[in-house]
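Note sheet for the following structure.
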Amino acid sequence: MAFEGLTSRLQNVFGKLRGKGKVSEDDVNEAMREVRLALLEADVNFKVVKDFINKVKEKAVGIEVMKSFTPGMAIIDIVNKELTELMGGETAKLEKANKPPTVIMMAGLQGAGKTTTSGKLAKLLQKQNHKPLLVAADIYRPAAIKQLEVLGSQINVPVFALGDQVSPVEIAKQALEHARENHLDYVIIDTAGRLHIDEALMDELKQVHAAVNPTEVLLVVDAMTGQDAVNVADSFNQQLALTGVVLTKLDGDTRGGAALSVKAVTGCPIKFAATGEKVDALEPFHPERMASRILG
Ligand code: GDP
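In the UniProt record's numbering, the protein residues as written are 1 to 296.
Here's what the structure looks like:
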């Protein structure tokens with residue numbers, strides 16, 4: 001299960017603190033040393049860990065905590081709050097265009113789960129009584145168009161496709177037109193991914209971006225890839241001005257590094273979490289709930 005290692009290590013540290021009637025500064029320092037190691041082992045970005053520990057320490061050695069009846073609990077509470085902050089604090093909502101349709105551009109490396117997530121997001125919007133359109137603009141990966149069409153028919157959401165001989169920019173533009181004419185209020189564009197970030201990929205994404213001016217640019221990253229996911233997010237963000245990140249494969253045994261670092265490193269909030277291959281395995285990302293889950 002995700003975060004298993006991190007959770008059990010943190011429980012260990014806090015188990016020791018919880019029992020104490022009095023907590024000395026040494027106790028706090030010792031606990032924070034262990035939390036630091038646990039976070040680093042969970043593949044959390046080095047600098048993020050350092051800042052996090054400093055913040056918690058600053059608050060934990062405060063007079064209030066030391067005087068508190070249950071200082072151990074007070075420290076756990078501080079860690080909980082800081083973990084929540086680290087992941088963005090509030091739940092980051094999907095923005096809406098002033099005038100429909102709202103265009104959502106999906107980006108990501110191949111295999112991250114971009115096409116699957118596009119379908120899941122369409123289903124989520126449909127459940128909220130919206131009328132989404134899925135757009136097959138990944139013309140390079142064999143079978144990506146077909147995959148989206150199959151997904152669309154499963155969830156009863158129309159898929160706009162023009163084959164693999166028309167440019168993604170043209171597909172995106174025509175899809176937008178199609179949505180307007182048919183009163184569809186969300187346009188979800190499944191763009192091409194590559195195995196690695198390259199200039200051609202970024203150029204094409206920028207062109208699609210310029211052509212349809214999306215309200216949301218969501219980067220889909222595989223949580224299992226830890227720090228790599230964060231580096232990918234950082235590069236995409238510098239080129240494309242992301243509005244959010246979708247973390248996939250949180251049902252796997254990810255250590256936690258991506259979830260805990262991506263907001264702090266890139267400034268982009270995690271908007272959704274995907275927890276399985278099924279089409280309903282997508283939910284809004286709630287930092288507070290995730291922090292509680294990590295603490296076990
Ligand atoms: P794309 O290349 O980014 O479009 O990736 P796909 O959408 O084709 O997904 C790649 C693989 O990851 C597929 O086998 C998906 O079923 C799987 N996948 C996507 N999201 C999740 C998830 O949240 N959990 C799990 N376990 N698998 C996922």
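C-beta atoms are modelled at their ideal positions from N, C-alpha and C, and glycine is treated no differently.
What first and last residue would you give for the beta strand (DSSP E) that runs through V245?
Looking at the DSSP string, the run of the beta strand (DSSP E) that includes V245 is 244-248.
Going by Cα to Cα distance, which pick from V262, D222, A291 is closest to G276?
Per the Cα distances, D222.
Evaluate E204 with the Cβ neighbour count: other Cβ atoms within 10 Å of its Cβ, from every protein chain shown; 16 or more gives buried, anything less gives exposed.
When all chains shown are included, E204 counts as buried.
Consider the C-beta atom of K114 and the heavy atoms of ligand 1; say whether any pair is separated by less than 6 Å.
Flag set: Cβ of K114 near ligand 1.
What does DSSP give as the partner residues of I189 in its beta bridges?
The partner list for I189 (beta bridge, DSSP) reads M105, V135.
When the Cα of G244 is compared with those of L260, P269, N12, which residue comes out closest?
Closest by alpha carbon: P269.
Could you check if P142 is buried or exposed, using at least 16 other CB atoms within 10 Å of its CB as the buried criterion?
Answer is exposed; the Cβ neighbour count stays below 16.
Please determine whether the Cβ atom of D185 lies at a distance below 6 Å from any heavy atom of ligand 1.
The answer is no for D185.
Would a C-beta distance cut-off of 7 Å place G119 and V279 closer than the cut-off?
In contact: G119 and V279 (Cβ atoms closer than 7 Å).
Compute the minimum distance between the beta carbon of G111 and the heavy atoms of ligand 1, and state whether it is under 6 Å.
Yes - ligand 1 has a heavy atom lying nearer than 6 Å to the Cβ of G111.
Using the Cα positions of Q113 and I155, report the straight-line distance between them to the nearest angstrom.
The sequence shown places Gly at residue 113, not Gln. Rounded to the nearest angstrom, the two C-alpha atoms are 17 Å apart.
Below 8 Å on the Cβ atoms is my contact criterion, and I expect V187 with V246 to pass it. Report the Cβ-Cβ distance as a whole number of Å.
In fact, because the Cβ distance is near 17 Å, the residues do not count as touching under 8 Å.
Looking only at C-alpha atoms, which of G163, A42, K127 sits nearest to I294?
With distances taken between Cα atoms, I294 lies closest to A42.
Spatial neighbours of E82 within its chain, please: C-beta separation below 7 Å, excluding the five flanking residues on both sides.
Cβ neighbours of E82 beyond the five flanking positions: F52, K55, V56.
For K271, report the span of its beta strand (DSSP E) as first-last.
Start and end: 270-274.
Specify the secondary structure class of V166 as computed by DSSP and reduced to three states.
Of the three classes helix, strand and coil, the one that applies to V166 here is coil, per DSSP.
Per DSSP, D222 is paired with what?
Paired residue(s): T248.
Looking only at its own chain, which residues have a Cβ that is under 8 Å from the Cβ of K96, when we skip the five neighbours before and after it?
Correct list, in chain order: T102, T215.
For the region 254-269 against the region 35-50, are there 3 or more C-beta pairs whose distance is under 8 Å?
The region 254-269 is in contact with the region 35-50.
For the beta strand (DSSP E) containing L282, name the first residue and the last one.
282-284 is the extent of the beta strand (DSSP E) around L282.
To the nearest angstrom, how far is it from the Cα of residue 312 to the Cα of V49?
Outside the displayed range of the chain (1 to 296) lies residue 312, so it cannot be described from this structure.
Relative to the C-alpha of E58, which residue among P168, V28, S68 is closest?
Looking at the Cα atoms, V28 is the closest of the given residues.
Please classify D26 as buried or exposed, where buried requires at least 16 other C-beta atoms within 10 Å of its C-beta.
Answer is exposed; the Cβ neighbour count stays below 16.
Does any heavy atom of ligand 1 sit closer than 6 Å to the C-beta of K123?
Every heavy atom of ligand 1 is 6 Å or more from the Cβ of K123, so no.
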